[in-house]
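Structure first, then comments.
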Amino acid sequence: MRFFIELAYNGKYFYGWQVQKKVSTVEGNLEYCLSKLLKKSINVIGAGRTDKGVHAKQMFAHFDYEGIISNNLIEKLNIFLPKSIKVLNIFPVKKNIHARFNAIKRTYKYYLIRQKNPFLQDFSWYCFYPLNIHLMNRASKELMQYKDFSSFCKKRTNEEGNNVCQVSHIYWSVNNDIFCFTIEANRFLRSMVRSIIGTLIEVGRNKISVSEFVKIIESKNSNFCRPIVPACGLFLTRILYPEDIFL
187 MRFFIELAYN GKYFYGWQVQ KKVSTVEGNL EYCLSKLLKK SINVIGAGRT
237 DKGVHAKQMF AHFDYEGIIS NNLIEKLNIF LPKSIKVLNI FPVKKNIHAR
287 FNAIKRTYKY YLIRQKNPFL QDFSWYCFYP LNIHLMNRAS KELMQYKDFS
337 SFCKKRTNEE GNNVCQVSHI YWSVNNDIFC FTIEANRFLR SMVRSIIGTL
387 IEVGRNKISV SEFVKIIESK NSNFCRPIVP ACGLFLTRIL YPEDIFL
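Read in order, the letters of the sequence shown are residues 187 to 433 in the numbering used here.
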């Protein structure tokens, strides 16, 4: 039977989601603890691959297991997993449902602070530059007119062989000197969100105009985008699936 596992994690302590040799990753810790508790080698497939230092308030993954899942498995996992990972739920889904490919939408939020705060530094980026949020929102809306995000991809093409994404929601908000960037799309490319934000910051600083930002999008060339922002402020906050995948 296939199971979905819902979890949250503080990405500061991990080299990203995906298993890597000799470093601690979220997927690696999850597979290790599941395998020990279920007494069988468990392979976990995530809904995405967050980079080193990126956080998740909601991540999903799937795994296959032919036995019975005990009611206290979540409690046991949370005891054995690092403190920076919390399992929220485990539930069965229909056969062949894939945590990554069956996801409809994903939402990311990025936080940057305008005043230095030692208690927020692990979950936001301290940006001391003056920023024009109105210009940043104007430029952000331009992104919804495009589908090819090659300009904001770390590689020219990703695994599926294309850089096409459908952005459905995007905006900047500000509350008590904390800027929040929200973006929702059907899929994201490697480092896409942080590349977009880094370039939008240049718009907010009046380093480039909105029309120049549009030219960067249309160039489909990542050499023209600005440096990506630090990972500490980025959160994967929501993943949406069709309701008919659940048993």
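Each residue gets a CB set at the ideal place from its N, CA and C atoms; glycine is no exception. These figures come from a predicted structure and were not determined experimentally.
{"Check": "Within 8 angstroms, strictly: CB atoms of residue 273 and residue 188", "Outcome": "no"}
{"Check": "Selected residue, minimal CA-CA separation from residue 308, among 359, 327, 338, 198", "Outcome": "198"}
{"Check": "DSSP state of residue 263 mapped onto helix, strand, coil", "Outcome": "helix"}
{"Check": "Where residue 243 falls: helix, strand or coil (DSSP)", "Outcome": "strand"}
{"Check": "Per DSSP, the bridge partner or partners of residue 311", "Outcome": "298"}
{"Check": "Alpha carbon of residue 184 to alpha carbon of residue 289, nearest angstrom", "Outcome": "The shown model of the chain, from 187 to 433, leaves out residue 184, and the question about it has no answer."}
{"Check": "Beta carbon of residue 413 nearer than 8 angstroms to that of residue 384", "Outcome": "yes"}
{"Check": "Close beta carbons around residue 328, own chain, < 8 angstroms, minus the five adjacent residues each side", "Outcome": "396, 399, 400, 403"}
{"Check": "Exposed unless 16 or more other CB atoms sit within 10 angstroms - verdict on residue 430", "Outcome": "exposed"}
{"Check": "Candidates 231, 340, 348, 359, of which the one nearest residue 379 by Cα", "Outcome": "340"}
{"Check": "Separation of residue 422 from residue 368, as counted between CA atoms", "Outcome": "10 angstroms"}
{"Check": "Contact between the stretch 203-220 and the stretch 261-273 (3+ Cβ pairs under 8 angstroms)", "Outcome": "yes"}
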